[in-house]
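Protein sequence lines correspond, in order, to chains S and H.
When we follow numbering that gives the first Met the number 0, the leftmost residue of the first sequence carries the number 0, and every step to the right adds one.
When we follow numbering that gives the first Met the number 0, the leftmost residue of the second sequence carries the number 0, and every step to the right adds one.
2 protein chains.
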Amino acid sequence: MTQNIYDNPEFFEEYSRMDRSLHGLARAPEWPSLRSMLPDLAGTRVLDLGCGFGWFSRWALEQGAANVLAVDVSQKMLERARELTSDPAIVYRQSDLETLSLPEAAFDLVFSSLALHYVENLGRVFSAVYRALAAGGSFVFSTEHPLYTAPRRPEWLTHGNRSRTWPVDQYLAEGPRVTNWLGAEVLKQHRTIAATVNGLLGSGFALRRLEEWGPDPDQLAAHPEWAEHRDRPMFLLASAVKPG
Amino acid sequence: MTQNIYDNPEFFEEYSRMDRSLHGLARAPEWPSLRSMLPDLAGTRVLDLGCGFGWFSRWALEQGAANVLAVDVSQKMLERARELTSDPAIVYRQSDLETLSLPEAAFDLVFSSLALHYVENLGRVFSAVYRALAAGGSFVFSTEHPLYTAPRRPEWLTHGNRSRTWPVDQYLAEGPRVTNWLGAEVLKQHRTIAATVNGLLGSGFALRRLEEWGPDPDQLAAHPEWAEHRDRPMFLLASAVKPG
Chain S
0 MTQNIYDNPE
10 FFEEYSRMDR
20 SLHGLARAPE
30 WPSLRSMLPD
40 LAGTRVLDLG
50 CGFGWFSRWA
60 LEQGAANVLA
70 VDVSQKMLER
80 ARELTSDPAI
90 VYRQSDLETL
100 SLPEAAFDLV
110 FSSLALHYVE
120 NLGRVFSAVY
130 RALAAGGSFV
140 FSTEHPLYTA
150 PRRPEWLTHG
160 NRSRTWPVDQ
170 YLAEGPRVTN
180 WLGAEVLKQH
190 RTIAATVNGL
200 LGSGFALRRL
210 EEWGPDPDQL
220 AAHPEWAEHR
230 DRPMFLLASA
240 VKPG
Chain H
0 MTQNIYDNPE
10 FFEEYSRMDR
20 SLHGLARAPE
30 WPSLRSMLPD
40 LAGTRVLDLG
50 CGFGWFSRWA
60 LEQGAANVLA
70 VDVSQKMLER
80 ARELTSDPAI
90 VYRQSDLETL
100 SLPEAAFDLV
110 FSSLALHYVE
120 NLGRVFSAVY
130 RALAAGGSFV
140 FSTEHPLYTA
150 PRRPEWLTHG
160 NRSRTWPVDQ
170 YLAEGPRVTN
180 WLGAEVLKQH
190 RTIAATVNGL
200 LGSGFALRRL
210 EEWGPDPDQL
220 AAHPEWAEHR
230 DRPMFLLASA
240 VKPG
């Protein structure tokens, strides 16, 4: 079962103050890349897995999606999402992603932003998504990059002020990683890129694109502090399709 | 153009003394994984890109391949390969992989072991391979893992005898990396996993499987020194197919 850290009141308060929580997709640095992997949304039926404050669900409607099923494990996230966007074309549902029950061939797009690294049994989620998609439907998601999640001590090492390196170890040792984030012990699941890719292929998906996100030159000029993402990417993005 | 370090006499002598040079595939730790990604070879027309001493070409014939075109940039490698295996079903050809001219739809399997990280323009090689394969044909290869090639200083850092970490930096900065290997300055091309995967997809391939190789428990018991490959994989393996 997925840890539901977002219903921890202190954690939730901290999370709510993050740029991407307050201002949505426009403040998520990887969003332009993720957006470029999406199909045309006009008339589509969308499933948003781990919807958080619902920024993507709202954006999908603005792009012409017919309706959105927005799922999150956290009651607090869903309450905030409902406050922010109450359009009846969005149905909010509280559920653990690992045990979510979905209708068959009912969606044209399944989207998930930074939720799947909390999931223990990713293969089960991939199979459920595959079944829930109509033929030709797309699955587009971001997750934490395994370079980011792998280390025992995920902190930059500095070398005499000249350079910094990211201390990779136990990369192939998949499984739980506990880190301190926003003042809480957060449980994430480390898995390799190959495991994610083979999980998609094994569920029947055809892979369309993979991205190890880093800032482009314009983003880097505006946010020099994002340079560390070029040394060690933090986000893995993927686009796959259910063959039609 | 690919650096042809293997025709450097001192380097060649050193390389020739390596376990995998003297004894072939059985001494390459990643070989069982790579072999498991291959199709049935009976009656197939095989292209071996970067054949080295020809161990794979010879094995392919033993598995029933009809014939093999074995290509390498190094004259010395090809001379040794011819000494080791002179079967007329293997045609040896000296060529840079980046400028290799191939017939269209002429092969059922294209194989490449640890050669593609020397190639500058990987997209061109992928497109040439795609064109050379018959519909339904397979492309199976290994290359150095980008975690291995990325760092400015690709050497383990030890931390008070308790642990070691691999110093990742400039992961997203694709391009040349010069390292000292077997006493020579070896020029390799670093590229991300996403670049390799998207290069395949962009050439028309469907991805079948990706592996970030590390030793399995039996291999680890027999070779405790391979544990470092679990902390930081050195080999990336891929299997793709030209849709039929």
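Each residue gets a CB set at the ideal place from its N, CA and C atoms; glycine is no exception.
Mind pulling the beta strand (DSSP E) runs of 3 or more residues that sit fully within the stretch 180 to 234 of chain H?
183 to 189 and 205 to 212, all fully within the stretch 180 to 234 of chain H.
Which partner residues of F138(S) appear in the DSSP bridge assignment?
Stepping through the first sequence from its first residue, residue 138(S) is reached at position 139. According to DSSP, F138(S) bridges with V109(S) and A239(S).
Is the beta carbon of L199(S) closer than 8 Å to that of E211(H)?
Your numbering for residue 211(H) matches position 212 in the second sequence. Your numbering for residue 199(S) matches position 200 in the first sequence. Taking 8 Å as the cut-off, the beta carbon of E211(H) is found no closer than this to the beta carbon of L199(S).
What residues from chain H crowd round I192(S), counting only those whose CB sits closer than 8 Å?
The residue you call residue 192(S) lines up with position 193 of the first sequence. Those within 8 Å of I192(S) in chain H are I192, L209 and E211.
According to DSSP, simplified to helix, strand and coil, what is W165(S)?
Along the first sequence, one-based indexing puts residue 165(S) at 166. The three-state secondary structure of W165(S), taken from DSSP, is strand.
Using a Cβ cut-off of 8 Å, pull out every chain H residue sitting near L146(S), in sequence order please.
Indexing the first sequence from 1 puts residue 146(S) at position 147. Neighbours of L146(S) across chain H, judged by C-beta separation under 8 Å: L146, V167 and Y170.
Starting from the C-beta of V45(H), find all residues in its chain whose C-beta is less than 6 Å away, skip the five residues before and the five after it, and write them out in chain order.
For this step, residue 45(H) is matched to residue 46 along the second sequence. Excluding sequence neighbours, V45(H) sits near A59, A64, V67 and L108.
G159(H), DSSP secondary structure in three states:
Counting from one through the second sequence, the residue named residue 159(H) turns up at place 160. The answer is coil: DSSP assigns G159(H) none of H, G, I, E or B.
With a CB to CB cut of under 7 Å and the five nearest residues on each side skipped, what residues in its chain are close to H116(S)?
Here residue 116(S) is taken as the residue at index 117 of the first sequence, counted from 1. Taken in chain order, the residues that qualify are T142, E143, T148, K187 and Q188.
Distance between V196(H) and R208(H) (C-alpha atoms, nearest Å)
As a position in the second sequence, residue 208(H) is number 209, starting the count at 1. As a position in the second sequence, residue 196(H) is number 197, starting the count at 1. Straight-line Cα distance between these residues: approximately 10 Å.
Whole angstroms are fine: how far does the CA of R152(S) sit from the CA of E173(S)?
Taking the first sequence and counting its residues from 1, the one referred to as residue 173(S) is at position 174. Taking the first sequence and counting its residues from 1, the one referred to as residue 152(S) is at position 153. Cα-Cα distance, rounded: 15 Å.
Is it true that the stretch 25 to 41 of chain H meets the stretch 222 to 231 of chain S, where meeting means three or more beta-carbon pairs spaced less than 8 Å apart?
Counting C-beta pairs closer than 8 Å gives fewer than three between the stretch 25 to 41 of chain H and the stretch 222 to 231 of chain S, which falls short of the contact rule.
Between Q2(H) and the rest of its own chain, which residues show a CB-CB distance below 7 Å, the 5 nearest in sequence each way excluded?
Residue numbering aside, residue 2(H) sits at position 3 when the second sequence is read from its first letter. Excluding residues within five positions, the ones whose Cβ falls inside 7 Å are Y117 and L186.
Of the choices E61(S), T98(S), F106(S) and L113(S), whose alpha-carbon is the least far from that of N254(S)?
Since the displayed chain S opens at 0 and closes at 243, residue 254(S) lies outside it and no answer follows.
Our contact map puts L96(S) next to L48(S) with C-beta atoms below 8 Å; I'd like the distance itself, whole angstroms only.
Looking up residue 96(S) in the first sequence gives position 97. Looking up residue 48(S) in the first sequence gives position 49. Confirmed, about 6 Å.
Specify the secondary structure class of P145(S) as computed by DSSP and reduced to three states.
Counting from 1 along the first sequence, the entry for residue 145(S) is found at position 146. For P145(S), the secondary structure class from DSSP, reduced to helix, strand or coil, is helix.
Kindly say whether N160(H), judged by its beta-carbon, lies nearer than 8 Å to any beta-carbon of chain S.
In the second sequence, counting from the first residue as 1, residue 160(H) sits at position 161. Under the 8 Å criterion on CB atoms, N160(H) is classed as non-interfacial with respect to chain S.
Amino acids of chain H, ordered along the chain, whose beta-carbon sits closer than 7 Å to that of N197(S):
Counted from its first residue, the first sequence places residue 197(S) at position 198. Within chain H, the residues whose beta carbon sits less than 7 Å from that of N197(S) are R208 and L209, listed in sequence order.
CB of P232(S) within 8 Å of CB of L113(S), strictly
As a working note, residue 232(S) is residue 233 in the first sequence. As a working note, residue 113(S) is residue 114 in the first sequence. Contact flag unset, no.
Among the candidates S85(S), D39(S) and V177(S), whose CA atom is the shortest distance from the CA of W54(S)?
Against the first sequence, residue 54(S) aligns to sequence position 55. It is S85(S).
Does the beta-carbon distance from A168(H) to W165(S) come in below 8 Å?
In the second sequence, residue 168(H) corresponds to position 169, counting from 1. In the first sequence, residue 165(S) corresponds to position 166, counting from 1. The sequence given here places Asp at residue 168(H); Ala does not occur at that position. The Cβ-Cβ distance between D168(H) and W165(S) falls below 8 Å.
Per DSSP, which residues does D71(H) bridge with? Please list them.
In the second sequence, counting from the first residue as 1, residue 71(H) sits at position 72. According to DSSP, D71(H) bridges with Q93(H).
Note the first and the last residue of the continuous alpha helix (DSSP H) segment covering D18(H).
Your numbering for residue 18(H) matches position 19 in the second sequence. Run containing D18(H): D18 to H22, per the alpha helix (DSSP H) assignment.
Near-chain H residues of the stretch 116 to 135 of chain S - C-beta to any C-beta below 8 Å
Within the stretch 116 to 135 of chain S, no residue qualifies.
8 Å Cβ cutoff, A205(S) in contact with chain H:
In the first sequence, the residue the question calls residue 205(S) occupies position 206. Closer than 8 Å: yes.
Just the Cα atoms here: how many angstroms apart are R57(H) and R161(H)?
Numbered from 1 along the second sequence, position 58 holds the residue referred to as residue 57(H). Numbered from 1 along the second sequence, position 162 holds the residue referred to as residue 161(H). Going by the C-alpha atoms only, they are around 44 Å apart.
Could you list the residues in the stretch 219 to 231 of chain H with a C-beta less than 9 Å from some C-beta on chain S, going in chain order?
Listed in sequence order: H228, R229, D230 and R231.
Can you give me the C-alpha to C-alpha distance between W30(S) and V139(S), rounded to a whole angstrom?
Stepping through the first sequence from its first residue, residue 30(S) is reached at position 31. Stepping through the first sequence from its first residue, residue 139(S) is reached at position 140. Their backbone Cα atoms lie some 12 Å apart in a straight line.
Between which two residues does the beta strand (DSSP E) holding V45(S) run?
Taking the first residue of the first sequence as position 1, residue 45(S) is located at position 46. First-last of the beta strand (DSSP E) with V45(S): R44 to L48.
Among R123(S), E13(S) and S137(S), the one whose alpha carbon lies nearest that of M36(S):
Taking the first sequence and counting its residues from 1, one reaches residue 36(S) at position 37. Ranked by how close their Cα comes to the Cα of M36(S), the residues R123(S), E13(S) and S137(S) have S137(S) in first place.
Specify the secondary structure class of R34(H) as computed by DSSP and reduced to three states.
Counting from 1 along the second sequence, the entry for residue 34(H) is found at position 35. When secondary structure is reduced to three states using DSSP, R34(H) falls in the helix class.
Which bits of chain H does R34(S) rub up against, with CB to CB less than 9 Å?
The count along the first sequence starts at 1 and reaches residue 34(S) at position 35. Residues of chain H passing the Cβ test: none, with the nearest at roughly 17 Å.
Assuming contact is defined by CB atoms lying nearer than 8 Å, are Y91(H) and A69(H) in contact in what I supplied?
Counting from one through the second sequence, the residue named residue 91(H) turns up at place 92. Counting from one through the second sequence, the residue named residue 69(H) turns up at place 70. Contact: yes.
With DSSP as the reference, label G122(H) as helix, strand or coil.
Your numbering for residue 122(H) matches position 123 in the second sequence. G122(H) sits in a helix when the DSSP states are folded into three classes.
Using a threshold of 8 Å, state whether the C-beta atoms of A52(S) and R79(S) are closer than that.
Taking the first residue of the first sequence as position 1, residue 52(S) is located at position 53. Taking the first residue of the first sequence as position 1, residue 79(S) is located at position 80. In the sequence under discussion, the amino acid at residue 52(S) is Phe, which differs from the Ala named in the question. Taking 8 Å as the Cβ cut-off, F52(S) and R79(S) qualify as a contacting pair.
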